[in-house]
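*Asks:* The end of the sequence shown is residue 555 by the working numbering, with every number in the run present.
The structure under discussion is supplied below as structure tokens; questions concerning it will follow.
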Amino acid sequence: MAQYDATTQVQDTRYLFPINTKSSSNASYFSVYATAQQSQVPLDISPESDHGNLTKAFAERAWQEDPSFIGQEELAEWFGSSSNIRQEALAHYIAHFEFGGLKVDEAIRQLCNKLYLKGRTREIDRVLEAFSKHYIAQILVLLGRRQTLCI
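Printed below as a string of structure tokens:
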């Protein structure tokens, strides 16, 4: 399978990434929610390879608030999907945050300033679970020991 340059302009990506223009919540495993017919889709991996590079690219585009990727108001819903690829992208996105030394309410405020939390309860729960794992990991590094942390 041929490798593609990450900056390749893609007009029709149905063979790799079906674009679902109706809703981000019912998109299939490899779909990319897009509001335009023409999009910059990162194609630096082949379909047979590990999708780690793809999830990192999705997370980076979301972090940079790339409007051609997905609207900011739909981002939490997109990340909150039960799709494995979206969950991995969420973990990469959350890893951009630096919560070390922050109180939990300050960390949540920082998250909410970047990510608009709306949608169904399950979707928000998935986002908050990823936040919790990252926050606790950073706090435990600062504490230097393992403790049970209840929020």
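Backbone N, C-alpha and C define an ideal beta-carbon position, used for all residues, glycine too.
Straight-line CA distance for R465 to A511?
*Replies:* Sequence index remark: in the sequence shown, residue 465 carries index 61 (1-based). Sequence index remark: in the sequence shown, residue 511 carries index 107 (1-based). Computed Cα separation, rounded: 22 Å.
*Asks:* Where do the N-terminal and C-terminal ends of the alpha helix (DSSP H) with H496 fall, by residue?
*Replies:* Within the sequence shown, the letter at position 92 stands for residue 496. Where H496 is concerned, the enclosing alpha helix (DSSP H) stretches over N488 to I498.
*Asks:* Indicate whether the contact test is met: 3 or more Cβ pairs, each with one atom in the stretch 521-533 and one in the stretch 499-507, closer than 8 Å.
*Replies:* Taking 8 Å as the limit for Cβ pairs, the verdict is that the stretch 499-507 does not touch the stretch 521-533.
*Asks:* Work out the CA separation of R526 and Y539 for me, nearest whole Å.
*Replies:* One-based indexing of the sequence shown puts residue 539 at position 135. One-based indexing of the sequence shown puts residue 526 at position 122. Cα to Cα, Y539 sits roughly 20 Å from R526.
*Asks:* Sorry if obvious, but does the Cβ on E533 come closer than 8 Å to a heavy atom of the ligand ADP?
*Replies:* Of the ligands one can find in the structure shown there are none, so the ligand ADP has no counterpart to examine.
*Asks:* Please classify S472 as buried or exposed, where buried requires at least 16 neighbouring CB atoms within 10 angstroms.
*Replies:* One-based indexing of the sequence shown puts residue 472 at position 68. Counting Cβ neighbours within 10 Å, S472 comes out exposed, since fewer than 16 surround it.
*Asks:* With a CB to CB cut of under 7 Å and the five nearest residues on each side skipped, what residues in its chain are close to S427?
*Replies:* Locating residue 427 in the sequence shown gives position 23, counting from the first residue. Low confidence applies here, because S427 scores a pLDDT of 41, under 50, leaving its location unreliable and the question unanswered by this model.
*Asks:* Cα separation between L544 and H496?
*Replies:* Locating residue 544 in the sequence shown gives position 140, counting from the first residue. Locating residue 496 in the sequence shown gives position 92, counting from the first residue. In a straight line, the C-alpha of L544 is about 19 Å away from that of H496.
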